[in-house]
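Below is one structure, written out as structure tokens; the observations come after it.
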Amino acid sequence: MAVASASDPSPMQVLADFGKSKSLRTLLRVLILCFIAGAAVSSRLFSVIRFESIIHEFDPWFNFRATKYLIANGFYDFWDWFDDRTWHPLGRVTGGTLYPGLMVTSGAIYHALRALTIPVDIRNICVLLAPAFSGLTAFAAYLLTNEMTTNTSAGLLAAAFMGITPGYISRSVAGSYDNEAIAIFLLVFTFYLWIKALKLGSVLWGALCALFYGYMVASWGGYAFITCLVPLHSFVLICMGRYSTRLYVSYTTWYALGTLASMQIPFVGFLPVRTSEHMPALGIFGFLQLVAFIYYIRSALSGAQFKAFLFVGLGAVFGLALLALVAMTSAGYIAPWSGRFYSLWDTGYAKIHIPIIASVSEHQPTAWPAFFFDLNMLIWLFPAGVYLCFQDLKDEHVFVVVYALFGSYFAGVMVRLMLTLTPIVCVAAAMASSQLLSTFLSVKSPKVKDPAQEDVTDSLSKKTKQNAGGSLRSANSPYVGVYSFLSKGLVSGIMTIYLLLFVLHCTWVTSNAYSSPSVVLASRMPDGSQHIIDDYREAYQWLRQNTKEDAKIMSWWDYGYQIGGMADRPTLVDNNTWNNTHIATVGKAMSSSEEVSYPIMRQHEVDYVLVVFGGLLGYSGDDINKFLWMVRIAEGIWPDEVSERKFFTPRGEYRVDGEATETMKNSLMYKMSYYNYHTLFPPGQAQDRVRGVRLPDTGPVLNTLDEAFTSENWIIRIYKVKDLDNVGRDHAAAASFDRGHKKKKATKKRGPRALRVD
Amino acid sequence: MKSIAACAAALLSLISPIVTADTNVAGPSVSKATLPSTFKPPQVFKNANLVHVISLEKNFAKEQINVVVENDSKEPQDEYFLPFTSQQMERVGGFEVKDRKDSSLTGFVVEAVEYDPFSTIESDCLRRSHLRLNRRLASRLDTPPAAIQQTDKQYLVYSFSAYCPSIYTTVKQKTEVKLPGSDIPEYTKIASSGDVKEFPQKSGAKLTYGPFHEVPAGAVSPVKVRYEFTKPVSHVTLLERDVEVSHWGGNIAFEERYTLYNQGANLSALFNRVKWAQSQYFNPNSYALKEMKFPLRIGSTDAYFTDAIGNVSTSRFRSNKKEASLEIKPRYPIFGGWKYPFTIGWNADAKYFLRQKTGDSYILNIPFLEGPKQPEGFGYEQVQVRVLLPEGAENVKFHTSIPESSITDVVVDQQKTYLDTIGRTVLTIKARNLHDDFRDRDLIVSYDYTFAASLRKPLVVFGSMMSLFVGIWLLSKVDVKLSSK
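Residue numbers (the numbering used here), protein chains in the order written: chain Z, 25 to 782; chain F, -15 to 469.
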């Protein structure tokens, strides 16, 4: 658009004038936002179109199951839900150990649609919840950016970036029914409300912020990010000498109401006053009271008196607070930092102390290319945007700076936290690019006398004020402007190309990297048509239909949620990983020999054991590749019985072929993976296509398990745990008898004959 | 009569018009009329010549009794009794009667009547008539041994009487058993009376008992056949078939939910994938169900095949001008004793099924069943067909060529679904013990649907949207500010 101050009515001018009417601009803005939301939603539908409307991956299957439970049994039953079909035989207090926000949201949508006589299947609601909320996130990003700059086009750009950036899409494609689906919207919207509250010093906005903070706490464990960032922002503001009653009102309102709201969630409970993660918020709350008090005192006392008071009073209060904190921590009232939190400071911590956290790929430190992959050009526009914030450093700009620093650090520590960085990157990048575009996209070259350029969207007087007060450049040399059409065209052309490339990149990444449900695998037939490998569901459906309703399935914890969701059978361990010992027990059963594993399985009433084996298809995410984690976790609890070293050859190799160590060959996992596998090949040609090795001609022998089901491509193998032998032999003897071997003399241990007395 | 302790019969009427009412046979043989226990059917008929054909080629038994009936008494008779045992009565699927000479005579009404339990058949002016009585028994055939290896052959056993059960004297009769193959390891042999030494005579896949002469009323001679049937004994415990008619969309949506179960022999050892893969290659004949073919009506589109955990990708759907065929493969081969519930559905253009009769009156003609067409047969225990007519459809009547004796319940009620205010009219027909032989039977539904009723939904949606906008506009006019500046 163009500046509308000229006298000659060129066509461009007419267009610009046309765009000046306020209602039309509102309409355009609404339309553009609607289109952005549409783009955000539709770019997340790749997997639905390519595959089907299905819940993805692992955790979403639990959320889906919990949502179905909520819908079937109502809210109060959901709240009190004790799930005896997971963590057998312990069970899980599910209602008290989950973040209910997601399920309640989709439950509410479900019932609202029912009330409008639109009975949509709950599965479709769950699948499409994340895309729908991404549209709202784009809107929230628009609002947040608008608080940072007066340039509304920056908001629109931020909304567009937020809508399609892969960093956010990665966790919000259709079917990715995870807490992050709604949490990112809540995160951005809470920050927007916080900025609004801070700007206006309004109790209403502060309360709204607390309300959404409460919703956020109900939805995602990442709420701690807000809990730490808002106090940090306030602290930085105070340190910069920017204490104001606005800050006092908004922070205290947010903290008091927000903490109360967060304590309503059973899973959170008293954590906000008892754990170290929440202490900054409490500390700043106290600190603000102190600062407010000091400001009051200062207005009443003289300079020297005040100085003395400051030293004594502040010192005493700080000393006391610190002492109290240390005392309460050591007395156990306040929990020290949790292990998961330590791993945020020391990326090597988890690997040594908590292998279960380190074994999850999304908890690994981020690789550099991931930033470019997930954010593309935004990552280099991001510093520019942060720099622009320094140009005009108001309270809200301090927030951007603080958020940018904080978010960048955490995104570097954990892949998963890229998600929390993305919103601020979008906001900052949008500010930078809109600044660039509005500078170079003005048709009219400035006249020498005019105080320069740009920004059509605002009226002339406003613009002058902004230029004079805002940018350093205009303060230094007020007559600077872009005169040449060539440079205008060049820069805006290049920018347009970058934007187009960004869209291309986002589409490509979304389509190729983030749209696989991972429950089904796609491959191509020789003629180019799509072939779907559906082994997971084949096996889960078999379990669901052809085993007892309460048959306990033992598998590695990765598959726990899927078994619960798709096969509807009780499991021993699942992705909740709340009990490390129980997981280690399963790890031990998998990594020990049959003689050791069988009693463990009997004690846990295991009926079936499920393993994932990719050897036939070359599917690398199988259990043999995860096996070392099982060994490590088991070793953490039973260092005497399980030893990781024994699974490596003397030369330190992890092998599965004929050269594998005895411990490896005797482990239950190895046996279950390769049992009967060699019979599929001509003699001497049995091959494991994942590890690319030739296997020995004689496969492993299983005595205590029976092969019950193997899926079409052998990805899932299910074994039935044999019952005790009905004539009292041990399983090895019984199995060898069944194979036609002679009964060994040694096993014939018979006591002296005794008269049977009944 | 004497030897058959329990006996039921069908009631047959030549003159009465076809009543599309519900013959109440829900559950184990609940009859319409119960006759006094002292009742004895009058010995007024004589079966001049009777051929009893038992077809066991599919996974259910189909019996056909071709009989020439003679009236012994002076008066014209209108009731012919046919005995069933109480066990048979539970399983009997469709029972139909036809005149062989004149197929246009279709007005036979079959009614089950109980007489401790006993029964009756009614017919008018029966002098000498050629009747064909068809009955299909549900596929609850025994499979000895009950558990077999994955690659073994499966055998079934069927028990029946060498003499066709009748309460009338039969002058001449013969029982033919048609089997799926010549592998018949066991069958009962009975002494012969005539020139042949012993019955049955075996020729290929066919066993013939008889001819027998002058068999007194009620005589039976139990016979058992054990034969190879290495094909799936597919059995649907419950089929729910929804047919949704949309006038606005000009579309008819079909959805069928099957609770499928293989009644064949169970696996004696657990499933072995290697053996299965090999047998697929060398000997594809198996008693596991691995594929089903649904020939749909031409013009069907958008077919889908799903189960409890989502879409099943192993289905193929071809739809062109000549055919519309849906071929589905379950996620895993269904062996004996295994279950696999699934859902299929498709759309069809309403013009193929729906016709406007006069003014506001419409006629819908759809197949009663469209289950898979398998060479080995396909049995249904309970079938529930729901026809969802548009909101406001009235005066619903139906006619079906499915044997009345199979229909257990008919209900017309309402169901609320997408954007309904009063709910759609739903015709629910429940039937039992059907087989894929009935695939071509029609269900004709007539109903009235006025133009005003068809405008209800658009008006309701428009009205509510308008009131929403007006409401918001009114709200925006309300001044809620505490202070006025």
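The beta-carbon is built from N, C-alpha and C at its ideal position, and this holds for glycine as well.
Can you name the start and end residues of the beta strand (DSSP E) that V117 of chain Z belongs to?
From DSSP, V117 of chain Z is part of no beta strand (DSSP E); its letter is neither H nor E.
Quick check on the burial criterion: 16 or more other C-beta atoms within 10 angstroms. Buried or exposed for N727 of chain Z?
Buried.
Shorter than 9 Å from the beta carbon of C(-9) of chain F to some beta carbon of chain Z?
Only weak support is given to the placement of C(-9) of chain F: the predicted model assigns it a pLDDT of 33, under 50, and the value that follows is read from those uncertain coordinates. No, because no Cβ of chain Z sits closer than 9 Å to the Cβ of C(-9) of chain F.
Against I142 of chain Z, what residues of chain F qualify as contacts under a CB-to-CB distance less than 7 Å, listed in chain order?
Chain F residues near I142 of chain Z: Y402, L403.
Assuming T327 of chain F and E239 of chain F make a contact with CB atoms under 8 Å, what is their CB distance in whole Å?
About 7 Å separates the two Cβ atoms, so the contact holds.
With DSSP as the reference, label A242 of chain Z as helix, strand or coil.
A242 of chain Z: helix per DSSP, three-state reduction.
I want to verify the contact list: residues of chain F whose CB lies under 8 Å from the CB of L704 of chain Z, in sequence order.
The contacting residues are V258, A261.
Taking Cβ positions only, does L418 of chain F come closer than 9 Å to chain Z?
Not an interface residue.
Quick one: give me the first and last residue of the beta strand (DSSP E) that M578 of chain Z is part of.
M578 of chain Z -> beta strand (DSSP E) spans 576 to 578.
Given a limit of 9 Å on CB to CB distance, which residues of the stretch 721 to 739 of chain Z reach chain F?
Listed by position, the residues of the stretch 721 to 739 of chain Z near chain F (Cβ gap below 9 Å) are D730, E731, A732, F733, T734, S735, E736, W738.
Show which residues of chain F have a CB atom less than 9 Å away from the CB atom of T78 of chain Z.
The residue asked about is misnamed: residue 78 of chain Z is Ile in this sequence, not Thr. The answer, in chain order, is I293, G294, N295.
Is the shortest distance between the beta-carbon of G376 of chain F and the beta-carbons of chain Z less than 9 Å?
Answer no: the Cβ-Cβ gap between G376 of chain F and chain Z never drops below 9 Å.
Is the shortest distance between the beta-carbon of N87 of chain Z and the beta-carbons of chain B less than 9 Å?
No chain B appears in the structure shown, which is made up of the protein chains Z and F.
Looking only at C-alpha atoms, which of Z:S457, Z:V117, Z:K695, Z:P720 sits nearest to P706 of chain Z?
Selected option, being the one with the closest Cα: Z:P720.
Taking just the CA atoms, how far does N43 of chain F sit from Y142 of chain F?
Y142 of chain F and N43 of chain F: Cα-Cα distance of roughly 11 Å.
So which residues of chain F does Q329 of chain Z contact, with C-beta pairs closer than 8 Å?
Residues of chain F passing the Cβ test: none, with the nearest at roughly 41 Å.
Taking the alpha helix (DSSP H) that P784 of chain Z belongs to, which residues open and close that run?
Nothing in the structure corresponds to residue 784 of chain Z, since chain Z is present only between 25 and 782.
Which term fits L452 of chain F, buried or exposed, when burial requires 16 or more other beta carbons within 10 angstroms of its beta carbon?
Exposed: under 16 other Cβ atoms inside 10 Å.
Within a Cβ cutoff of 6 Å, which residues of the same chain sit near L641 of chain Z, ignoring the five residues on either side of it in sequence?
Contacts found: N737.
If you reduce the DSSP assignment to three classes, tell me which class D107 of chain Z lands in.
Of the three classes helix, strand and coil, the one that applies to D107 of chain Z here is strand, per DSSP.
Got a sec: which bits of the stretch 545 to 558 of chain Z sit with their beta carbon under 7 Å from any beta carbon on chain F, in order along the chain?
Cβ contacts with chain F: I556, D558.
Apart from the five residues on each side of it in sequence, which residues of its chain come closer than 6 Å, Cβ to Cβ, to R568 of chain Z?
Cβ within range, chain order: A591, D592.
At a cut of 8 Å, does the stretch 752 to 766 of chain Z reach the stretch 648 to 657 of chain Z through at least three beta carbon pairs?
Touching, no.
On the DSSP bridge assignment, give the partners of E677 of chain Z in chain order.
None, per the DSSP bridge assignment.
For W457 of chain F, does the count of other Cβ atoms within 10 angstroms reach 16, so buried, or fall short, so exposed?
Result: exposed.
Which chain F residues are close to K744 of chain Z, counting only those with a beta carbon under 8 Å from its beta carbon?
Correct list: L254.
Quick test of the definition: if touching needs 3 or more C-beta pairs under 8 Å, does the stretch 670 to 681 of chain Z touch the stretch 622 to 629 of chain Z?
At 8 Å Cβ cutoff, the stretches do not touch.
Starting from the beta carbon of K313 of chain F, find every residue of chain Z whose beta carbon is closer than 9 Å, and list them in chain order.
Near K313 of chain F there are no residues of chain Z at all, since even the closest Cβ is about 10 Å away, more than 9 Å.
Using the C-alpha atoms, what's the distance from E47 of chain F back to Q72 of chain F?
Roughly 12 Å separates the two Cα atoms.
Would a check of beta-carbon distances place G494 of chain Z closer than 9 Å to chain F?
For G494 of chain Z, the pLDDT reaches just 48, beneath the cut-off of 50, and the residue's location in the model is therefore unreliable, although a value from the coordinates is still provided. Taking Cβ atoms only, chain F never reaches closer than 9 Å to G494 of chain Z, which makes this a no.
With 16 as the cutoff for other CB atoms within 10 Å, does D559 of chain Z come out buried or exposed?
Counting Cβ neighbours within 10 Å, D559 of chain Z comes out buried, since at least 16 surround it.
Roughly how many angstroms separate the alpha carbons of T390 of chain Z and F434 of chain Z, rounded to a whole number?
Looking at the two C-alpha atoms, the distance is approximately 9 Å.
Would you report the Cα separation of D398 of chain Z and G436 of chain Z, rounded to the nearest angstrom?
Rounded to whole angstroms, D398 of chain Z to G436 of chain Z spans 13 Å at the Cα level.
Please identify the residue among Z:M614, Z:Y694, Z:Q709, Z:S547 whose C-alpha is closest to the C-alpha of W6 of chain Z.
In the structure displayed, chain Z extends from 25 to 782; residue 6 of chain Z sits before or after that span and is not available.
What in chain Z is Cβ-close to W322 of chain F, meaning under 9 Å?
Those within 9 Å of W322 of chain F in chain Z are W566, Q569, N570.
Who are the neighbours of M590 of chain Z on chain F, taking C-beta pairs under 7 Å?
Those are I293, listed as they occur along chain F.
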